[in-house]
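*Asks:* Chains H and G, in that order, are what the protein sequence lines are.
Okay, so the first sequence: first residue is 92 according to my numbering, each after it adds one.
Okay, so the second sequence: first residue is 92 according to my numbering, each after it adds one.
Think of the CB as a built atom: it goes at the ideal place given N, C-alpha and C, for glycine as much as any other residue.
No experiment lies behind these values; they were computed from the predicted model shown.
Take this structure, written in structure tokens, and hold onto it; I'll ask about it next.
There are 2 protein chains.
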Amino acid sequence: MSASATQTAYEQLRASLLAGLYQPEEKLKISELGASFSVSPGAIREALARLTAEGLVIAMPQRGFRVAPVSVADLRDLTDMRIEIETKCLRRAIANGDLAWETAVVAAHHRLAATPIATADGRFSPAWMLAHGDFHTALAQACGSAWMMRVRDLLFVHNERYLELARKADRGNRDAAREHRELMEAALARDTERAVTIMTVHLGNTRDTIEAALLATTAMSAAR
Amino acid sequence: MSASATQTAYEQLRASLLAGLYQPEEKLKISELGASFSVSPGAIREALARLTAEGLVIAMPQRGFRVAPVSVADLRDLTDMRIEIETKCLRRAIANGDLAWETAVVAAHHRLAATPIATADGRFSPAWMLAHGDFHTALAQACGSAWMMRVRDLLFVHNERYLELARKADRGNRDAAREHRELMEAALARDTERAVTIMTVHLGNTRDTIEAALLATTAMSAAR
DNA sequence: TTTCCTGGAAAAATCTATTTTCTGTTCTGA
DNA sequence: TCAGAACAGAAAATAGATTTTTCCAGGAAA
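Okay, structure coming up:
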């Protein structure tokens with residue numbers, strides 16, 4: 092009996108959303124969710140309220156909750172913002188980072204590199220998603236600003252949702268592993284400009300991959 | 092019968108927090124709040140959960156909710172981040188802004204300038220707080236990025252809380268009205284660098300005023 | 001014949017009252 | 001003085017009651 096029911100429901104629901112188990116704009120019925128997690132509607136409501144404030148879910152008063160929508164325009168906007176924030180974090184982390192930061196980055200990269208990116212069924216493996224998130228967090232951590240990290244986390248989470256939605260198109264057709272390695276090397280070498288350039292390219296590539304997958308999915312559903 | 096009970100409770104509680112009716116780190120007892128708003132504990136819990144995700148309230152599992160703490164370090168960090176975001180919005184708004192933007196800025200400034208800053212009892216007047224928020228929002232609006240506006244809003248709200256906490260020290264000892272006028276003039280003249288400079292100074296002045304008031308308050312409570 | 005409006009039933013969201021569980025404190029006995 | 005147990009207060013969860021919305025059928029008008 093670790094956490095409270097609400098906490099558990101929140102975490103499971105959040106994980107499900109990030110894993111793309113629900114379609115964007117899909118209605119989230121409170122009673123169904125309550126049944127599947129075997130908790131009361133009240134607990135579900137509280138979890139949904141928190142997710143609403145995070146932006147993963149949108150609330151429609153008296154009409155329940157829906158999964159937040161996605162769009163190419165939103166993805167581009169999100170990525171622009173991520174490039175701004177991530178590069179700013181990176182600059183400050185490279186300037187401020189101490190040995191503990193270097194150690195954490197090396198450790199996180201080692202784990203990321205050693206974790207298989209996909210499971211047998213073609214999805215991103217949860218372990219890789221976790222290691223990937225931790226790697227980028229470790230890089231940014233030394234920026235020394237709690238607010239910057241908070242905004243960064245917010246944006247990163249939303250990107251993860253897009254990543255999962257577009258996972259089918261991202262199997263092996265780009266060398267993310269190389270980009271991560273180069274990112275680490277530039278950061279440890281304190282080569283700020285190079286690290287920023289790689290980060291910018293990395294985020295741009297991610298956007299392009301997701302965008303292609305999104306358009307393909309949209310075209311498919313339109314043709315159906 | 093306008094909105095739902097939860098919505099009403101959320102809005103009232105949020106307004107109370109921003110108005111500084113509760114002290115930082117003060118415990119928010121669910122039953123008390125429920126009694127004062129005459130709604131059930133469940134509705135209060137949901138409102139508090141949303142405020143938690145916004146960062147105005149912190150949750151302590153099984154031990155209820157507290158008002159988020161404040162500190163000089165947090166204020167400095169917050170202001171650094173605000174300067175980054177607000178200037179970025181401003182640059183883009185000046186580059187993109189059309190006639191509708193100019194019109195909205197002029198209108199918002201006129202209202203701000205014509206609204207008394209304080210009420211008789213020395214607090215900021217709610218009307219001024221509203222007009223002030225709307226003015227800064229109008230300036231940033233034309234940046235053309237929903238995510239940027241969202242992050243900006245988040246930071247602005249937290250700053251408003253600090254502003255209210257420090258309101259006693261801000262009576263007449265700086266010329267915020269002049270700063271706002273100059274900001275508008277530079278933006279309308281499309282003088283990007285001047286506008287950015289004024290904005291940076293404006294936010295820095297705000298921080299310094301709040302910081303002085305915070306330290307005075309802390310010293311007072313320590314001496315008591 | 002098609003489209004639009006109206007009435008009612010069913011489903012879903014929301015709220016309240018109650019029960020259960022947990023935490024922090026105080027009291028008792030060694 | 002300290003350890004342990006009982007107690008009080010508060011938070012969290014649940015279940016049921018209430019209100020609101022949505023869906024569908026039937027009928028009237030174009």
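Is it true that the CB of Thr297(G) sits closer than 8 Å to the CB of Thr178(G)?
*Replies:* No. Outside cutoff.
*Asks:* So which of Val248(G), Ala267(G), Arg269(G) and Glu255(G) has the shortest CA-CA distance to Leu169(G)?
*Replies:* Looking at the Cα atoms, Val248(G) is the closest of the given residues.
*Asks:* Does Arg252(H) come within less than 8 Å of chain G when only Cβ atoms are used?
*Replies:* no
*Asks:* Confirm, please, whether the CB-CB distance from Ile176(G) to Val242(G) is below 8 Å.
*Replies:* yes
*Asks:* Do the segment 182–201 of chain H and the segment 270–281 of chain H make contact, defined as three or more Cβ pairs closer than 8 Å?
*Replies:* Yes, the segment 182–201 of chain H touches the segment 270–281 of chain H.
*Asks:* Under a CB-based cut-off of 8 Å, is Asp171(H) close to chain G?
*Replies:* yes
*Asks:* Starting from the Cα of Leu119(H), find the closest Cα among Arg214(H), Thr143(H) and Gly155(H) and give me that residue.
*Replies:* Gly155(H)
*Asks:* At a Cβ cut of 9 Å, what residues of the segment 223–251 of chain G count as close to chain H, listed as they run along the chain?
*Replies:* Only Gly235, Ser236, Ala237, Trp238, Met239, Arg241, Val242, Leu245, Leu246 and His249 from the segment 223–251 of chain G bring a Cβ to less than 9 Å from some Cβ of chain H.
*Asks:* May I ask you to report which of helix, strand or coil DSSP gives Leu119(H)?
*Replies:* strand
*Asks:* At which residue ranges does the segment 117–189 of chain G contain complete alpha helix (DSSP H) runs of 4 or more residues, listed in the order of the chain?
*Replies:* 121–128, 132–145 and 163–187
*Asks:* Give the single residue among Ala100(H), Val158(H) and Ser162(H) whose Cα lies nearest to the Cα of Ile135(H).
*Replies:* Distances from the alpha-carbon of Ile135(H) to those of Ala100(H), Val158(H) and Ser162(H) put Ala100(H) closest.
*Asks:* Could you give the C-beta distance for Leu182(G) and Thr283(G), rounded to a whole number, given that I count them as a contact under 8 Å?
*Replies:* In the sequence as presented, Leu is not what sits at residue 182(G); that position holds Arg. Contact flag correct, Cβ pair sits at about 6 Å.
*Asks:* Near Leu147(G), what residues of its chain come up, given a Cβ to Cβ distance below 6 Å and the 5 sequence neighbours on each side ignored?
*Replies:* Leu108 and Ala159
*Asks:* In chain order, what residues of the same chain lie with their CB nearer than 8 Å to the CB of Leu256(H), ignoring the 5 residues before and after it?
*Replies:* Gly111, Pro115, Val161, Ile301, Ala304, Leu305 and Thr308
*Asks:* Can you tell me the Cβ-Cβ gap for Leu230(G) and Ala164(G), rounded? I've got them flagged as a contact below 8 Å.
*Replies:* Contact between Leu230(G) and Ala164(G) fails: their C-beta atoms lie close to 28 Å from each other, not under 8 Å.
*Asks:* Please report the distance separating the alpha-carbon of Ala186(G) from that of Leu142(H).
*Replies:* 34 Å
*Asks:* Output needed for Leu41(G): all residues of its chain with C-beta closer than 8 Å, excluding positions within five of it in sequence on either side, in chain order.
*Replies:* This structure gives no information on residue 41(G), because the portion of chain G shown stretches from 92 to 315.
*Asks:* Can you check whether the CB of Thr97(H) is closer than 8 Å to the CB of Glu137(H)?
*Replies:* yes
*Asks:* Going by C-alpha to C-alpha distance, which of Glu102(G), Gly125(G), Asp225(G) and Asp189(G) sits closest to His271(G)?
*Replies:* Asp225(G)
*Asks:* Which of the residues in the segment 147–178 of chain G, read from start to end, lie with their CB under 8 Å from any CB of chain H?
*Replies:* Pro152, Gln153, Asp165, Asp168, Leu169, Asp171, Met172 and Glu175
*Asks:* Helix, strand or coil: how does DSSP classify Ala280(H) here?
*Replies:* coil
*Asks:* State the start and end residues of the unbroken alpha helix (DSSP H) segment that holds Tyr113(G).
*Replies:* That residue, Tyr113(G), is in no alpha helix (DSSP H); it is neither H nor E in DSSP.
*Asks:* Hey, quick one: how far does the alpha helix (DSSP H) through Ala218(H) stretch, first residue to last?
*Replies:* Pro217 to Gln232
*Asks:* Rounded to a whole number of angstroms, what is the C-alpha to C-alpha distance between Ser93(H) and His223(G)?
*Replies:* Caution is warranted here: a pLDDT of 46 is assigned to Ser93(H), below 50, making its placement in the model unreliable, and no coordinate value can be reported.
*Asks:* Please name the residue or residues paired with Ala209(G) in a DSSP beta bridge.
*Replies:* Phe215(G)
*Asks:* What residue from Arg269(H), Pro207(H) and Gln232(H) has the CA that sits closest to Gly188(H)'s CA?
*Replies:* Gln232(H)
*Asks:* Looking at Gly133(G) and Gly133(H), is the spacing between their C-beta atoms short of 8 Å?
*Replies:* yes
*Asks:* In angstroms with no decimal places, state the Cα-to-Cα distance between Arg216(H) and Ala268(H).
*Replies:* The amino acid at residue 216(H) is misidentified as Arg; the sequence shows Ser. When the Cα atoms are used, Ser216(H) and Ala268(H) turn out to be separated by approximately 15 Å.
*Asks:* Compile a chain-ordered list of the residues in the segment 181–205 of chain G whose CB is closer than 7 Å to at least one CB of chain H.
*Replies:* none
*Asks:* Between the alpha carbons of Ala218(G) and Thr206(G), how many angstroms are there, rounded?
*Replies:* 7 Å
*Asks:* Residues of chain G with a CB under 9 Å from the CB of Ser95(H): which are they?
*Replies:* Pro152 and Gln153
*Asks:* Mind listing the chain G neighbours of Glu137(H)? Cutoff is C-beta to C-beta under 8 Å, in chain order.
*Replies:* Arg136, Glu137 and Ala140
*Asks:* Checking contacts by CB at 8 Å: is Thr210(G) closer than that to chain H?
*Replies:* Using beta-carbon distances, Thr210(G) does not count as an interface residue toward chain H, since no partner is under 8 Å.
*Asks:* Indicate whether Glu251(G) and Ala144(H) have their beta-carbon atoms separated by less than 8 Å.
*Replies:* no
*Asks:* Counting contacts by CB-CB distance shorter than 8 Å, is Gln98(H) in contact with chain G?
*Replies:* yes
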